[in-house]
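The block underneath contains the structure these notes are about, expressed in structure tokens.
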Amino acid sequence: MQKQALPLLAMACLCPLLAIAQAPSRAAAACRSDTARQISVTGTGLGRSFQNPCFSPNGRVLAFTNFATRYNTGKSVVRTVPAEGGAVLAALSPTSAQSVNLPGQCWSAATDEVAYSSDVVDRDEIYLAPAAGGASRRVTRRPGFLAWEPSISPVLSEGKRWIVFESHSQANPEAGGELWKIRSDGTEPAVRLTQSHNDRQPEWSPKGDKIVFQREVGPESWDVFTLDVATGAVFNVTRAGELFNTDASWSPSGNYIVYSSGDADVEIANVFVIPANGGNRIRVTRSCGLDGAPGWSPDGSTIAFESAPFDPDAQGSTTLWTIDAPAGVR
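Heads up: take any position in the sequence shown, counting from 1, add 301, and you land on this note's numbering.
Dropping the structure here:
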């Protein structure tokens with residue numbers, strides 16, 4: 302894989318953005334044994350790593366996080382691009398901060414806004430931005446705490462929308478995460494949903510009755526759980542923490558969950574689908590590198606994800622890809 306990338310990397314002095322985009326892509330294609338397709342992202346001033354794809358309600362556009370330096374490193378901007386690929390449509394967050402959207406469900410159909418977290422002030426808070434671009438609106442104001450990974454609910458029965466997010470102590474951000482929710486207009490105090498665990502990456506179900514998230518169940522062990530919003534009951538969906546089950550989001554029917562996970566023949570992580578009530582999982586992608594942060598299209602036909610033909614935590618960056626959802630699974 303690296304040998305295939307070297308000729309293009311050698312062109313960096315002539316065309317750096319082209320080399321950054323193409324070199325990992327050719328290696329990634331050689332690394333794959335599935336039908337996934339890369340999403341081309343073009344434009345000026347782009348960062349190096351494309352992450353966290355999140356479909357618009359009509360499925361025509363993706364929001365994503367664009368890290369400047371490499372995977373999860375440097376300043377980052379939440380941008381939009383046509384779902385089939387092409388030129389960036391808009392930058393939704395400031396270019397002077399580290400701003401990150403959640404893959405899967407970050408886009409409100411009710412108001413056409415995208416939720417993201419940003420450290421544009423002295424700590425990470427939650428913001429809502431018009432999907433077409435324009436001024437963002439700050440939702441959370443929580444001195445001493447960090448707010449990450451926001452997902453916005455559909456309009457619920459009481460006529461309200463809520464944002465669920467991952468909360469950490471500002472003094473000790475590496476400590477366990479908690480799940481909190483807040484009204485999307487920020488008019489009521491935030492409410493804690495979980496505690497005494499390390500819970501991360503929450504996402505509302507399409508009906509707004511459940512939240513899917515990942516919980517640390519042991520050293521280097523993570524499972525995908527759901528939380529019943531009305532009762533507070535939690536359910537372990539994956540029950541195999543040693544496989545490092547993370548990055549969960551819903552199918553449009555709410556009957557399935559897509560997530561990233563390992564296996565005996567998966568060195569880093571690939572994308573899998575599992576019934577929301579547990580059961581046998583289905584492997585969706587087949588890559589020798591990382592496939593993660595998956596999000597389902599609103600019509601159920603396609604799953605978008607980030608990918609690299611290596612471990613991007615150790616080197617390099619990711620690009621955006623799509624693959625057909627498993628037959629009969631929506």
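Beta carbons: idealized from backbone N, C-alpha and C, even for Gly.
Practice task
Give me whichever residues DSSP pairs with Arg511 in a beta bridge.
Solution key: Reading off the sequence shown, one finds Lys at residue 511, where the question assumed Arg. For Lys511, which the question treats as bridged, DSSP gives the partners Asp529.
Handout entry: Alpha-carbon to alpha-carbon, Ala384 and Pro358
Key = When rounded, the distance between both Cα atoms is 12 angstroms.
Handout entry: Simplified DSSP state of Leu544, which is helix, strand or coil
Key = helix
Practice task
Starting from Lys482, follow the beta strand (DSSP E) in both directions and report where the run begins and ends.
Solution key: Glu479 to Arg484
Practice task
Taking Asn537 as part of the beta strand (DSSP E), name the residues at either end of that continuous run.
Solution key: Val535 to Asn537
Handout entry: Own chain partners of Gly593 with C-beta closer than 7 angstroms, once the 5 adjacent residues on each side are dropped
Key = Asp548, Ser561, Ala570, Phe606 and Glu607
Problem - is_contact[Asp566, chain C] using C-beta, thresh 8 angstroms - result: The structure shown contains no chain C; it is built from a single protein chain.
Handout entry: Cys407, DSSP secondary structure in three states
Key = coil
Practice task
Alpha carbon to alpha carbon, how far is Trp551 from Ser506? Give it in angstroms, no decimals.
Solution key: 6 angstroms
Practice task
Using DSSP bridges, identify the partner residues of Cys355.
Solution key: Ala364
Exercise for the section: Look at the alpha carbon of Gly596 and the alpha carbon of Gly445, and state the distance between them as a whole number of angstroms. Expected result: 31 angstroms
Practice task
Taking 8 angstroms as the cut-off, decide whether the C-beta atoms of Thr603 and Ser350 are in contact.
Solution key: no
Exercise for the section: Could you name the residues that DSSP lists as bridge partners for Gly387? Expected result: Val342
Problem - Distance, Ser468 Cα to Thr495 Cα - result: 10 angstroms
Problem - Among Ala472, Arg501, Trp463 and Leu480, the one whose alpha carbon lies nearest that of Gly251 - result: Because residue 251 is not part of the residues shown, which for the chain are 302 to 631, the question remains open.
Practice task
Return the residue from the list Ser397, Arg631, Tyr417 and Arg361 that minimises the CA-CA distance to Asn353.
Solution key: Tyr417
Handout entry: Neighbourhood of Lys508 by C-beta, 8 angstroms cutoff - its chain only, sequence neighbours within 5 removed
Key = Pro455 and Gly555
Handout entry: Identity of the residues DSSP links to Asn571 by a beta bridge
Key = In DSSP, Asn571 forms a bridge with Ser562.
Exercise for the section: Taking Pro474 and Leu447 to be in contact with their CB atoms under 8 angstroms, please state how far apart those CB atoms are, rounded to whole angstroms. Expected result: 6 angstroms
Practice task
Please confirm whether Phe365 and Thr374 have their CB atoms less than 8 angstroms apart.
Solution key: No, these two residues do not count as a Cβ contact at 8 angstroms.
Exercise for the section: Give the C-beta separation of Ala391 and Thr623 to the nearest angstrom, bearing in mind that I take them to be a contact with Cβ-Cβ under 8 angstroms. Expected result: So it is not a contact: roughly 20 angstroms between Cβ atoms.
Handout entry: Burial state of Ala432, where buried means 16 or more other Cβ atoms lie within 10 Å
Key = buried
Problem - Environment of Arg361 [buried if 16+ CB atoms lie within 10 Å] - result: exposed
Exercise for the section: Taking Leu591 as part of the beta strand (DSSP E), name the residues at either end of that continuous run. Expected result: Leu591 to Trp597
Problem - Range covered by the beta strand (DSSP E) that runs through Tyr372 - result: That residue, Tyr372, is in no beta strand (DSSP E); it is neither H nor E in DSSP.
Exercise for the section: Could you spell out the range, first to last residue, of the beta strand (DSSP E) harbouring Thr396? Expected result: Counting along the chain, Thr396 falls outside any beta strand (DSSP E), and DSSP gives it neither H nor E.
Handout entry: Alpha-carbon to alpha-carbon, Leu457 and Leu403
Key = 20 angstroms
Problem - Same chain, Cβ closer than 6 angstroms to Ser341, five either side skipped, listed in chain order - result: Taken in chain order, the residues that qualify are Gly386.
Handout entry: Residue interval of the beta strand (DSSP E) (run including Phe611)
Key = Note, Phe611: premise wrong, no beta strand (DSSP E); not H, not E.
Problem - Euclidean distance between Cα positions of Thr527 and Val535 - result: 6 angstroms
Handout entry: Pair within 8 angstroms by beta-carbon distance, Phe466 and Pro520
Key = Taking 8 angstroms as the Cβ cut-off, Phe466 and Pro520 do not qualify as a contacting pair.
Exercise for the section: Would you check if the distance between the CB atom of Ser437 and the CB atom of Val401 is smaller than 8 angstroms? Expected result: Between Ser437 and Val401, the C-beta spacing is not below 8 angstroms.
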